[in-house]
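Working notes, structure below.
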Amino acid sequence: MKNTPLVSQYEIERNREIAENIGRLNNGKNLKYYIESYGCQMNEHDAEKLGGMLINMGYTATEDKNEADIIIFNTCCVREHAELRVFGNIGALKKLKDERPDVIIAVCGCMMQQKSVAEHLYKRYPFVNIVFGTHDIHNFPTFVENALCGDRTLITRNIDGEIPEGLPIRRSGSFSTHVIIMYGCNNFCTYCIVPYVRGRERSRDPQAIIDEVKAVVAQGYTEVTLLGQNVNSYRSSDGQVNFPKLLKMVSEVDGLKRLRFMTSHPKDLSDELIEAMATTNKVCHHIHLPVQSGSNRILKLMNRVYTREKYLETVEKLRSKVKDIEITTDIIVGFPTETDEDFKDTLSLVEQVGYSAAYTFMYSPRKGTRAAEMDDQIPQEVKKQRLKELNDLEASILQKNNLKFIGMKGEVLVEGCDKREGNTMAFGKLSNFKMVYFPGSEDLIGKYLNVEVTDTHHNSLIGKMIEE
Ligand code: SF4
Numbered sequence: 012m013k014n015t016p017l018v019s020q021y022e023i024e025r026n027r028e029i030a031e032n033i034g035r036l037n038n039g040k041n042l043k044y045y046i047e048s049y050g051c052q053m054n055e056h057d058a059e060k061l062g063g064m065l066i067n068m069g070y071t072a073t074e075d076k077n078e079a080d081i082i083i084f085n086t087c088c089v090r091e092h093a094e095l096r097v098f099g100n101i102g103a104l105k106k107l108k109d110e111r112p113d114v115i116i117a118v119c120g121c122m123m124q125q126k127s128v129a130e131h132l133y134k135r136y137p138f139v140n141i142v143f144g145t146h147d148i149h150n151f152p153t154f155v156e157n158a159l160c161g162d163r164t165l166i167t168r169n170i171d172g173e174i175p176e177g178l179p180i181r182r183s184g185s186f187s188t189h190v191i192i193m194y195g196c197n198n199f200c201t202y203c204i205v206p207y208v209r210g211r212e213r214s215r216d217p218q219a220i221i222d223e224v225k226a227v228v229a230q231g232y233t234e235v236t237l238l239g240q241n242v243n244s245y246r247s248s249d250g251q252v253n254f255p256k257l258l259k260m261v262s263e264v265d266g267l268k269r270l271r272f273m274t275s276h277p278k279d280l281s282d283e284l285i286e287a288m289a290t291t292n293k294v295c296h297h298i299h300l301p302v303q304s305g306s307n308r309i310l311k312l313m314n315r316v317y318t319r320e321k322y323l324e325t326v327e328k329l330r331s332k333v334k335d336i337e338i339t340t341d342i343i344v345g346f347p348t349e350t351d352e353d354f355k356d357t358l359s360l361v362e363q364v365g366y367s368a369a370y371t372f373m374y375s376p377r378k379g380t381r382a383a384e385m386d387d388q389i390p391q392e393v394k395k396q397r398l399k400e401l402n403d404l405e406a407s408i409l410q411k412n413n414l415k416f417i418g419m420k421g422e423v424l425v426e427g428c429d430k431r432e433g434n435t436m437a438f439g440k441l442s443n444f445k446m447v448y449f450p451g452s453e454d455l456i457g458k459y460l461n462v463e464v465t466d467t468h469h470n471s472l473i474g475k476m477i478e479e
């Protein structure tokens, strides 16, 4: 593991000053910003950082891009349709920019960390003011300053190995939030673009993580999800703190009620982590453990570095040690060369594990990855058919498995009220990530309540509040 130098403090301080200067200029102008994010939770967290910097620059958030003075598309390059959607949405802004030439349009995120894509977009849409990659998020105030002076910015630097600390964050929600513990990925799964755009693994200093958790708890958040592309390989630069130790350290923060984490690579899931999950009482009994395929041949081609047998062994260990744990997963169908036999292996693994949710995808080639160059790409029709078969199977397993929860009592963190039910049904998640709907009102949001499960409905559970 590399050392984890911070992005030069000078750059961060300089940008803080620039943001404050812009804030003074914008004072009293009632300017607004709009951010559209297309990707994973890391991508959404980047949007929260941009929001924090924009607030310092005197902008407030809006949900309506037509009234925004800065519009940001925070892109993702993991899925192809997200990329197409971004290009379409940016093109559609031309009319707005013609009517209001002062509007600043910025495009950032993973997709823009790919030099050729960023350059193409910059040339194709001359009305876009700012194009920057994931490694330059802390320089955003400088780019806004350039735009206010009439200059365009295109930057896709790779400053791998550095971590921007101390950026302001405008967190969404009020009781549950994310804290990033590491950036990048070293795994190079052959279908995935992330290591190319987010760089090599670099872990944040444990004290910086604990300080951030303390700060969010002081703001009223009670549930924290520790985020990273592969949290299991977290390691402090002095090698003293690994992920299980970090979990224990974070769980000691007073006022924190629940601790979650994602994503875990199955190859790095150690016995020590399972032990930490079982014995650290704030850590929720849920794990997201992407399997991707049930076929050893396909897992090898994907460079996942575990076998079906090893994965199932890990699942067994988790279930035997961590009381009532629920497991969710990601699965790709139609990876190059996937045969009917390989696909059957995936179906049988899904049956064997009994996931409480599976996020399923058709393989789509990402330019620059090894899988995109493989022969024997699977026809779209076959992928669609396999996806349907897999989803049907998962739905029927879920229906059956959900029955085991009837009669169970547990604590939910109330997340909201179902508008379709006239706000008379509240909903929240149990520690094991299962969603429970129960009669309740909006004033319960953010509270921890005990419920008893009485019924099931599709993917969710139905319950009622109980006293204890
Ligand atoms: S572990 Fe694999 S799938 Fe996950 S981010 Fe890294 S390369 Fe991509």
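With my numbering applied, the sequence shown corresponds to residues 12 to 479, in that order. Using N, Cα and C, we set each Cβ at its ideal position, and we do this for glycine too.
Item, Value
"Short Cβ contact (8 angstroms threshold) for Tyr459 with Glu422", "yes"
"Same chain, Cβ closer than 8 angstroms to Asn292, five either side skipped, listed in chain order", "Ser262"
"Strand pairing of Cys119, partner residues [DSSP]", "Asn85"
"Sequence-distant residues of its chain with Cβ nearer than 6 angstroms to Asn67 (five each side left out)", "Ala30, Gly34 and Pro179"
"Exposure of Pro137, with buried meaning 16 or more beta-carbon neighbours within 10 Å", "exposed"
"For Asn38 and Ala382, the rounded distance between their alpha carbons", "51 angstroms"
"Range covered by the beta strand (DSSP E) that runs through Arg271", "Arg269 to Met273"
"heavy atom of ligand 1 below 7 angstroms from His56 C-beta", "no"
"8 angstroms Cβ cutoff met for Gly439 and Val393", "no"
"Expected contact under 8 angstroms - CB spacing of Asn241 and Asn198 to nearest Å", "6 angstroms"
"Within the stretch 120 to 172, ranges of the alpha helix (DSSP H) (whole runs, at least 4 residues)", "126 to 135 and 151 to 159"
"Helix, strand or coil at Glu478 according to DSSP, with G and I counted as helix", "coil"
"Where His146 falls, given that 16 or more other Cβ within 10 Å makes a residue buried", "buried"
"Cβ-Cβ distance between Cys428 and Met313 below 8 angstroms", "no"
"Buried versus exposed call for His149 [16 or more other C-beta atoms within 10 Å across all chains shown]", "buried"
"Helix, strand or coil at Asn14 according to DSSP, with G and I counted as helix", "The predicted position of Asn14 is uncertain, since its pLDDT is 41 and thus under 50; no value can be drawn from it."
"Whether Leu472 touches Asn413 by CB criterion (8 angstroms)", "yes"
"Ser359 in three-state terms, based on DSSP", "helix"
"Proximal residues to Ile417 (C-beta, below 6 angstroms), its chain only, five neighbours per side dropped", "Val464"
"N- and C-terminal bounds of the beta strand (DSSP E) containing Tyr49", "Tyr49 -> no beta strand (DSSP E), and no H or E assigned at all."
"Rounded separation between Glu286 and Leu237 - CA only", "18 angstroms"
"Other residues of its chain near Arg25: CB distance less than 6 angstroms, five sequence neighbours each side excluded", "none"
"Among Leu107, Asp335 and Ser127, the one whose alpha carbon lies nearest that of Lys420", "Asp335"
"Any 3 or more C-beta pairs closer than 8 angstroms across the stretch 274 to 281 and the stretch 294 to 303", "yes"
"Supposed contact pair Gly120 and Ile50 - C-beta distance, whole angstroms, cut 8 angstroms", "The question names Ile, yet the displayed sequence has Gly at residue 50. Sure, about 7 angstroms apart at Cβ, within 8 angstroms."
"Burial state of Ser281, where buried means 16 or more other Cβ atoms lie within 10 Å", "exposed"
"Cβ-heavy atom distance, Lys240 to ligand 1, below 7 angstroms", "Here residue 240 turns out to be Gln, not Lys, going by the sequence shown. Under cutoff, so the answer is yes."
"Where Leu310 falls, given that 16 or more other Cβ within 10 Å makes a residue buried", "buried"
"Exposed unless 16 or more other CB atoms sit within 10 angstroms - verdict on Asn77", "exposed"
"Proximity test, Asn402 beta-carbon vs ligand 1 heavy atom, cut-off 7 angstroms", "no"
"Buried versus exposed call for Cys88 [16 or more other C-beta atoms within 10 Å across all chains shown]", "buried"
"Whether Val326 touches Ile342 by CB criterion (8 angstroms)", "no"
"Strand pairing of Pro376, partner residues [DSSP]", "Pro376 pairs with nothing; no bridge assigned."
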